[in-house]
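S.K.: First, the structure itself, so that you have it in front of you.
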Amino acid sequence: MPSRWNSTVALRGLLLMQKDTRYWTVSPYCAFPCLLSPGLAVITMTKSVSASRLETEKLICIKTGKFCLISLRRINGGHPMQPQPNKPIQPRNPALSQAVTKEALHQQLEIMTQRVLDPDIGLYGPDSMAWKIHGNISVMFGAGAANLLQLAHPWVSQAIDQHFQTQTDPMGRLQRTFLNVHSMVFGNLDQVLDSAVRVHNIHAKITGQISESTGRTQKQSQYFANQVEALLWVHATLWIVALRVHEMFYGALSQAEREQYYEESKLFAFLFGIPEQAMPENWDAYVAWFNEVVTSDLLAVGTVGRELVDYLFSMRPWLMPFLNRHRIHTAVLLPDSLRRPFGMPEVTPEVQKKFDMDVRLIRTAMKCVPVHLRWIPSQIEARRRIQGKKADLITRLTNKIVYGRPLLVS
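Below you can see the structure in the form of structure tokens.
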């Protein structure tokens, strides 16, 4: 038995794997989502891959014959999303380097509007994958990982540090962010459009100079928030992390469901002016692009990013028990290339055990808790709006406490 194990959790039916079994072994138990078949997971390899390159392979449970989300441990290795750290990448197409102008935003909003079936429902609706995943309270389990992935992009961390009152008004910034995002996902068409224009106008003012060299980003170079590539990266952290967390608690989605989810994500991208030609062709290509960025020098953690993360995980003393536990969740969900620079805990067997225990606890709780503890308030409010009803008292009180106002999407 090796003295040190680095753990990674298989969050989808497809996982980055290596063919060389000297580097990989199956954990003695299945972690997600089937706890009834310990040790009965095997890996079906269908591609020839070298020990230095990772490929996507299917994980099949020999008991059920279906995809099995299992816990894997790599001996003296790293996170599967980090096979080649600091590998440069070339822009996928010229659209990524463009700035989103007001005219470009309006063009994308026109395309988005044409795809909306019911203006009162908004972009998605109760039957959408977006509401199913982003409207579930369990999505917050991945909030830390999504935030750190965003801050690993130097343009994002520098913009937040220089233009937002993160340390003087952290709750205010979070409330404004949630107000805009939830209006986009759960609001009616007018609320969606208002939020899109409001966010674009805020981003248009966010420009500046990089204060330190990190990765490929050079000191004193210019950044601007409305760049397509930076916007697409933030988009990917939200949608990919949310799906992976959802699958941890509810099991793997079918490929058709993933593709539907990805098509729905394009509508959200249009709200930021991201053109469809800048986005990957399908879900698998989207995840491949995400993993390529993770392994590139486009992401690099500098002093600014570390200071922001240190503050976020210590901003309120009375929240420390929750924040310390969420550090564990965030650490396990992050690749090694970002976990260590951000100062997150190493994924030791003890840390992995705590993570697994919390996942099992939340998975069980989601089956029996009332709707107000299972769905985020914005989804409950939006469903009542569609039914012609006012937001209920519990939703209004929750909104007031969390977001500073009783109504968000009514």
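For the working numbering, add 96 to where a residue sits in the sequence shown, where the first one is 1.
For each residue, glycine too, the CB sits at the ideal point set by N, CA and C.
(1) Excluding the five sequence neighbours on either side, which residues of its own chain have a C-beta within less than 6 Å of the C-beta of T303, listed in chain order?
(2) Nearest to E308 by CA position, among R501, V397 and H331, is which residue?
(3) Just to confirm before moving on: does the CB-CB distance between Q246 and V252 stay below 7 Å?
(4) Buried or exposed for S433, please, with buried defined as at least 16 other CB atoms from any protein chain shown within 10 angstroms of its CB.
(5) So E325 packs on S474, CB below 8 Å; how close in whole Å?
(6) Whole angstroms are fine: how far does the CA of A332 sit from the CA of Y382?
(7) Under 7 Å between the Cβ atoms of S361 and W385?
(8) At 4 residues or longer, what runs of the alpha helix (DSSP H) sit wholly inside the stretch 305-332?
(9) Do L367 and M280 have their C-beta atoms closer together than 7 Å?
(10) In its own chain, which residues sit with a C-beta less than 7 Å from the C-beta of E355, not counting the 5 before and 5 after it?
(11) What number of angstroms, rounded off, separates the C-alpha of L270 from the C-alpha of V277?
(12) Tell me whether T444 sits in a helix, a strand or coil according to DSSP, three-state version.
(13) Taking 8 Å as the cut-off, does the stretch 436-454 touch the stretch 416-427 (at least 3 CB pairs, one atom from each stretch)?
(14) Out of R470, R211, A374 and N232, state which residue places its alpha-carbon closest to the alpha-carbon of H342.
(15) Is C126 helix, strand or coil when you go by DSSP?
(16) Have a look at G283, D223, N322 and L213 and flag the residue whose alpha-carbon is nearest the alpha-carbon of L201.
(17) Count the C-beta pairs between the stretch 283-295 and the stretch 210-217 that are closer than 8 Å, then say yes if the count reaches three, no if not.
(18) Does DSSP put A365 in a helix, a strand or coil?
(19) Does DSSP put T494 in a helix, a strand or coil?
(20) Please classify R412 as buried or exposed, where buried requires at least 16 neighbouring CB atoms within 10 angstroms.
M.R.: On the basis of the coordinates in this document:
(1) Here residue 303 corresponds to residue number 207 of the sequence shown, with the count starting at 1. Contacts found: F320.
(2) Walking along the sequence shown from the start, residue 308 turns up at place 212. That would be V397, whose Cα lies nearest to the Cα of E308.
(3) For the purposes of this step, residue 246 is identified with residue 150 of the sequence shown, where counting begins at 1. For the purposes of this step, residue 252 is identified with residue 156 of the sequence shown, where counting begins at 1. Result yes, Cβ atoms of Q246 and V252 sit closer than 7 Å.
(4) Counting from one through the sequence shown, the residue named residue 433 turns up at place 337. So S433 ends up on the buried side.
(5) Locating residue 325 in the sequence shown gives position 229, counting from the first residue. Locating residue 474 in the sequence shown gives position 378, counting from the first residue. With 8 Å as the limit, E325 and S474 do not qualify as a contact, their Cβ atoms being about 29 Å apart.
(6) By 1-based counting over the sequence shown, the position of residue 382 is 286. By 1-based counting over the sequence shown, the position of residue 332 is 236. If you take the alpha carbons of Y382 and A332, they lie about 8 Å apart.
(7) By one-based count along the sequence shown, residue 361 stands at place 265. By one-based count along the sequence shown, residue 385 stands at place 289. Contact flag unset, no.
(8) none
(9) Along the sequence shown, one-based indexing puts residue 367 at 271. Along the sequence shown, one-based indexing puts residue 280 at 184. Yes, the Cβ-Cβ distance between L367 and M280 is below 7 Å.
(10) The residue given as residue 355 occupies position 259 in the sequence shown. Result list for E355: N378 and W379, in chain order.
(11) Counted from its first residue, the sequence shown places residue 270 at position 174. Counted from its first residue, the sequence shown places residue 277 at position 181. Approximately 11 Å between the Cα atoms of the pair.
(12) Position 348 of the sequence shown, counted from the first residue, corresponds to residue 444. In this structure, T444 counts as coil in the three-state DSSP scheme.
(13) yes
(14) On the sequence shown, position 246 is the one that residue 342 refers to. Checking every option, the nearest Cα to that of H342 belongs to N232.
(15) For the purposes of this step, residue 126 is identified with residue 30 of the sequence shown, where counting begins at 1. Note that C126 has pLDDT 34, beneath the 50 cutoff, so the model's placement of it is unreliable and no number is given.
(16) Locating residue 201 in the sequence shown gives position 105, where the first residue counts as 1. Ranking the options by Cα distance to L201, first place goes to N322.
(17) yes
(18) Residue numbering aside, residue 365 sits at position 269 when the sequence shown is read from its first letter. Of the three classes helix, strand and coil, the one that applies to A365 here is helix, per DSSP.
(19) By 1-based counting over the sequence shown, the position of residue 494 is 398. It is helical.
(20) Within the sequence shown, numbered from 1, the residue matching residue 412 stands at position 316. Its Cβ having fewer than 16 others within 10 Å, R412 is exposed.
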